[in-house]
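Just so you know, the protein sequences line up as chains A and B, in that order. If you read the first sequence in the numbering used here, its first letter stands for residue 44, the second for the next number, and so on. If you read the second sequence in the numbering used here, its first letter stands for residue 26, the second for the next number, and so on. The C-beta atom is built at its ideal place from N, Cα and C for all residues, glycine as well. This structure is a prediction, so every number in the text was calculated from the model and none was measured.
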Amino acid sequence: MLLSEMKEKQTATVVRVGGIGALRRRILEMGILKGTEIQVEKYAPLKDPVELIVKGYHISLRVEEAAQITVENVK
Amino acid sequence: MIQKRLSIALAGNPNSGKTTIFNNITGTRQKVGNWPGVTVEKKEGNINKSGYDLKIIDLPGTYSLTPFSIEEIVARNFILDERPDVVIDIIDASNLERSLYLATQLREIDCKVLFALNMADVAQTRGIKIDDKKLSELLAVPVVFTIGNKNKGIETLLKAAIELAESDSVTPKKRKVKYSKDIEDSISKIERFIENHAADSIPYNIRWTAIKLLEDDQIVKERVLEKTGKIGEDILREIDNQRNFLVDRFDDDPEIVMTDERYGFIAGIIMEALTTSTQQRVDISRNVDLVLTNRFIGFPIFIFFIWAMFQLTFTLGAYPMDWISSGINLFSTLLAHVLPDNIFKDFLINGVIAGVGSVMIFLPNILILFFCIALFEDTGYMSRAAFLMDKIMHLIGLHGKSFIPMLMGFGCNVPAIMASRTLESEKDRILTILITPFMSCSARLPVYIILAGAFFGAKAGTVIFGIYLLGIILSIITGRLFRSTLLRGIDAPFVMELPPYRIPMIKSLLIHMWDRSKMFLKKMGGYILAGSVVVWTLTAFPHNISYTKNYDLEIEQVKTYFQTEIEAAQEFDNALLAQKRDIAIAELITEKKAEKAEKSFMGRIGKVVAPIFSPIGIDWRASVALLTGFVAKEIVVSTMGILYAADEREDSEALKNALLSSGMTPSAALAMMVFVLLYMPCVATLAAIRRETASLKWMIFSISYSTLLAWGMAFLVYQGGTMIGV
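So, in structure tokens, the structure goes:
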């Protein structure tokens with residue numbers, strides 16, 4: 044499943060961070076790596092971007108960026 | 026005795042409380058400027074502490090030292106090239122894991138690092154306990170707890186920094202990130218290769234250089250090539266071999282694997298040094314966000330905040346603006362009485378004081394605006410605003426945060442452009458700066474009111490609304506156009522932290538506000554003064570004009586004529602006659618002014634440039650008005666007043682009538698409004714553009730683009746309008 048398909052308040056484990064170049068590396072550097080627990084806190088009122096909780100802090104990604112991240116064990 | 030100088034750089038993630046600590050250390054003794062060549066704010070301050078002269082440098086807040094953003098490049102180059110005696114890494118204790126990513130990178134560079142575990146109190150209330158001794162031992166770095174906003178631990182931090190600077194401890198080889206075997210093998214191969222071939226010419230720590238080369242770091246690559254010449258190419262070939270091997274081995278780029286492994290190393294430290302009590306506490310910040318970024322009421326609240334900021338800036342700011350303006354008027358009047366009538370007096374009052382005054386009256390607006398922005402930033406609301414607006418702004422190829430500067434543009438472009446500082450990516454910042462002038466500022470409104478009022482009567486409101494809308498539409502088109510041409514490149518990724526809400530410190534807010542306002546006054550003042558002196562000179566010279574009539578004589582004649590009339594008339598007619606006399610005199614004076622303006626250099630220039638403006642239906646008088654509008658757009662109205670020989674008050678029916686009888690058509694009036702909306706920004710805005718883009722090139726570009734666009738659009742409007750017979 045893709046991170047962008049998750050619903051609010053669901054949690055999951057990151058399987059793979061796709062994408063290319065700087066953006067991909069930036070996402071990794073912010074701590075979104077394979078095996079990281081991630082929770083979808085909420086979508087913005089216009090459905091984009093999405094707010095996530097990762098490693099105890101809040102971060103937002105655009106939905107198109109979240110679509111590069113594959114997750115599993117969605118709860 | 027000469028005190029020993031030490032330089033201390035503060036590094037850390039954004040929102041780690043770095044600026045608060047910097048403010049606490051340096052107080053008001055700070056210098057704010059820009060880093061050379063870039064628009065990133067540079068702050069430094071000097072203090073004396075236990076016999077040392079400490080120079081504190083606030084590095085830009087970054088999450089990493091991978092040179093992707095301009096901030097990261099600035100921070101890294103400073104540490105590498107300026108070699109500060111100590112780098113203090115300010116770590117948000119409640120966010121240890123992510124903060125340690127930057128920390129491990131700092132440890133890899135060969136510099137003396139010290140950790141400040143900031144906001145220790147917040148961490149504690151969140152049930153996070155950090156074993157500082159363990160952390161210090163695991164990374165071989167001194168660790169100090171601080172609470173920035175309560176000014177706790179700062180003394181200890183500075184002492185520890187001085188101690189570290191004076192110690193001759195070399196950063197131990199151990200206790201740095203250890204990568205997996207294959208990567209370590211590649212690193213040591215590259216290290217050996219460099220040591221054998223070019224050890225002396227590499228300016229940095231060799232292991233660090235090897236790591237960066239392996240990570241395909243373009244800046245380090247270039248630097249190595251530059252320093253080593255021919256051998257550099259061999260080194261790069263060796264790197265390519267190693268990279269290919271690792272890509273083969275891991276099925277991914279080495280830099281990705283290494284990022285992963287750094288976090289693995291950090292996870293190990295976290296396990297040993299950090300304990301979290303499982304007890305769940307109320308997360309206030311999260312609850313606040315339930316309201317502020319709520320699906321239904323998030324936007325209304327956001328609009329309310331923006332509205333409030335607008336009101337404060339332009340409505341509340343109008344009062345002190347009035348006071349300053351009357352103060353300046355009073356001063357001018359006073360000077361007018363004291364000084365003898367001559368050219369110098371005219372220069373002083375209409376050139377210098379009018380020019381400087383036009384900057385000074387903006388000060389209240391600027392102060393209030395920057396206070397509001399500092400409030401948004403320091404509370405953490407700014408990133409929520411970006412979160413809400415990003416979807417819309419992304420359509421123009423911009424970041425959510427661009428919304429605030431663009432909106433401010435409707436008030437005044439100068440603070441709006443300065444507000445673009447809050448954008449992190451330089452491209453976003455430049456793009457925002459380039460399109461902000463299309464937001465029709467309040468100074469342009471009087472021009473629309475006169476023209477639309479005179480030519481469109483009852484439809485004036487709709488026409489003016491249309492002008493504003495045109496500005497917005499053109500800004501969107503321009504944004505998209507530049508995004509896909511001039512300022513191409515990856516859209517700044519919207520990987521944005523939403524930091525917990527914090528109660529801002531009033532001291533920080535005030536420092537923020539004052540620093541930025543001071544910069545405004547200093548830099549803008551010069552430009553505006555110069556601009557208004559030029560325009561004054563052009564309108565005041567040549568001084569000896571041969572008038573077509575002898576106005577002074579005619580005025581005298583009028584006076585004598587009415588004098589005899591009044592004497593001869595009945596008493597009840599006197600008042601009426603006196604009124605007639607005054608009107609006659611006033612007419613002569615306006616006529617004289619008009620002729621003076623026509624024959625001044627400015628008038629001559631107007632006639633020279635008139636052919637340029639005639640295809641858009643603007644005559645020489647309106648052309649001159651547009652030229653003087655360069656100092657400030659509201660001047661367009663008063664210049665038109667002088668040239669069309671009418672009363673110069675903006676609500677004046679006289680000017681409207683004069684315009685109507687001047688042969689201007691409705692389509693010409695509309696073309697002129699469009700031109701005023703779009704043509705080159707006023708001198709203060711240009712100064713702001715020059716300042717914020719740190720480049721003359723962008724300023725000139727902005728002038729040319731907006732003026733050409735203005736002419737083109739006005740041409741379409743005028744020719745189109747004339748064709749359909751309006």
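Contacts that residue i makes with chain B (C-beta to C-beta distance below 7 Å)
| i | result |
| --- | --- |
| residue 103 of chain A | 412, 519, 521 and 523 |
| residue 48 of chain A | Ordered by position in chain B, no residue passes the 7 Å Cβ test against residue 48 of chain A, which lies about 18 Å from the chain. |
Per-residue contacts from residue i into chain A (C-beta, under 7 Å)
| i | result |
| --- | --- |
| residue 93 of chain B | 65 and 69 |
| residue 88 of chain B | 72 and 73 |
| residue 320 of chain B | 88 |
| residue 288 of chain B | 74 and 76 |
From the options, residue whose alpha carbon lies closest to that of residue i
| i | options | result |
| --- | --- | --- |
| residue 422 of chain B | B:574, B:453 and B:399 | B:453 |
| residue 39 of chain B | A:49, A:109, A:100 and A:67 | A:100 |
| residue 259 of chain B | B:629, B:318 and B:215 | B:215 |
| residue 408 of chain B | A:116, A:103 and A:115 | A:103 |
| residue 519 of chain B | B:292, B:382, B:412 and B:579 | B:412 |
| residue 759 of chain B | B:716, B:693 and B:620 | The shown model of chain B, from 26 to 751, leaves out residue 759 of chain B, and the question about it has no answer. |
| residue 702 of chain B | B:607, B:617, B:161 and B:476 | B:476 |
| residue 169 of chain B | B:178, B:162 and B:292 | B:178 |
| residue 704 of chain B | B:342, B:725, B:420 and B:399 | B:725 |
| residue 64 of chain A | B:243, B:77 and B:146 | B:243 |
| residue 502 of chain B | B:585, B:530, B:456 and B:537 | B:456 |
| residue 83 of chain A | A:75, A:73 and A:95 | A:95 |
| residue 49 of chain B | B:37, B:56, B:156 and B:174 | B:174 |
| residue 504 of chain B | B:537, B:541, B:464 and B:527 | B:464 |
| residue 612 of chain B | B:382, B:749, B:249 and B:679 | B:679 |
| residue 490 of chain B | B:466, B:508, B:511 and B:509 | B:466 |
| residue 278 of chain B | A:88, A:60, A:79 and A:92 | A:60 |
| residue 321 of chain B | A:52, A:106 and A:89 | A:89 |
| residue 51 of chain B | B:67, B:37 and B:71 | B:71 |
| residue 654 of chain B | B:591, B:192, B:707 and B:172 | B:707 |
| residue 699 of chain B | B:746, B:551 and B:268 | B:746 |
Amino acids of chain B, ordered along the chain, whose beta-carbon sits closer than 9 Å to that of residue i
| i | result |
| --- | --- |
| residue 77 of chain A | 285 |
| residue 99 of chain A | 119, 120, 121, 122, 123, 151, 153 and 301 |
In DSSP terms, what residue i is bridged to
| i | result |
| --- | --- |
| residue 299 of chain B | B:155 |
| residue 100 of chain A | A:97 |
| residue 172 of chain B | B:177 |
| residue 81 of chain A | A:55 and A:97 |
| residue 31 of chain B | B:79 |
| residue 113 of chain B | B:35 and B:139 |
| residue 72 of chain B | B:79 |
| residue 115 of chain A | A:56 |
Within chain A, partners of residue i - CB distance below 8 Å
| i | result |
| --- | --- |
| residue 416 of chain B | 87, 89, 90, 91 and 92 |
| residue 280 of chain B | 68 |
| residue 406 of chain B | Here the premise fails: no neighbours, minimum Cβ distance about 14 Å. |
| residue 447 of chain B | Residues of chain A passing the Cβ test: none, with the nearest at roughly 16 Å. |
| residue 324 of chain B | 88 |
| residue 526 of chain B | Those within 8 Å of residue 526 of chain B in chain A number zero; the least Cβ separation is about 11 Å. |
Proximal chain A residues relative to residue i, where beta-carbon distance stays under 9 Å
| i | result |
| --- | --- |
| residue 126 of chain B | 72, 73 and 74 |
Taking one C-beta from the segment 97 to 113 of chain B and one from the segment 28 to 43 of chain B each time, how about it: are there three or more such pairs within less than 8 Å? yes
Jot down the residue ranges of each uninterrupted alpha helix (DSSP H) in the segment 74 to 109 of chain B, minimum 4 residues, whole runs only, in chain order. 95 to 102
Any contact of the segment 459 to 479 of chain B with the segment 649 to 660 of chain B, i.e. 3+ C-beta pairs under 8 Å? yes
Three Cβ pairs or more, each shorter than 8 Å: is that satisfied between the segment 389 to 400 of chain B and the segment 333 to 353 of chain B? yes
Across the segment 130 to 144 of chain B and the segment 178 to 197 of chain B, are there enough close Cβ pairs to call them in contact, namely three or more that are closer than 8 Å? The segment 130 to 144 of chain B, when compared against the segment 178 to 197 of chain B, does touch it at the 8 Å Cβ threshold.
Can at least three beta-carbon pairs, one atom from the segment 105 to 117 of chain A and one from the segment 44 to 59 of chain A, be found at a separation below 8 Å? yes
At least three beta-carbon pairs within less than 8 Å, the segment 69 to 87 of chain B to the segment 98 to 107 of chain B: yes
At what residue ranges does the segment 206 to 259 of chain B contain a whole run of the alpha helix (DSSP H), taking only runs of 4 or more? 206 to 223, 231 to 239 and 243 to 253
Segment contact, 8 Å Cβ cut-off, at least three pairs: the segment 57 to 77 of chain A with the segment 282 to 293 of chain B: With a cut-off of 8 Å, the segment 282 to 293 of chain B and the segment 57 to 77 of chain A count as touching, because enough Cβ pairs lie within range.
Which whole runs of the alpha helix (DSSP H) in the segment 316 to 376 of chain B are 4 residues long or more, in chain order? Runs of the alpha helix (DSSP H) inside the segment 316 to 376 of chain B: 323 to 335, 343 to 363 and 368 to 371.
Check whether the segment 250 to 264 of chain B touches the segment 223 to 230 of chain B, counting contact only when three or more Cβ pairs, one atom from each stretch, lie closer than 8 Å. yes
Segments of 4+ residues assigned as alpha helix (DSSP H) that fall wholly inside the segment 519 to 564 of chain B: Taking 4 residues as the shortest admissible run, the segment 519 to 564 of chain B contains the following complete alpha helix (DSSP H) segments, listed from N- to C-terminal end: 531 to 544.
Counting beta carbon pairs with one atom in the segment 711 to 719 of chain B and one in the segment 547 to 561 of chain B, are three or more of them shorter than 8 Å? yes
Pairing CB atoms from the segment 661 to 669 of chain B with CB atoms from the segment 593 to 607 of chain B, are three or more of them under 8 Å? no
Stretch-stretch touch, CB-based, cutoff 8 Å, three pairs: the segment 715 to 735 of chain B with the segment 682 to 698 of chain B: no
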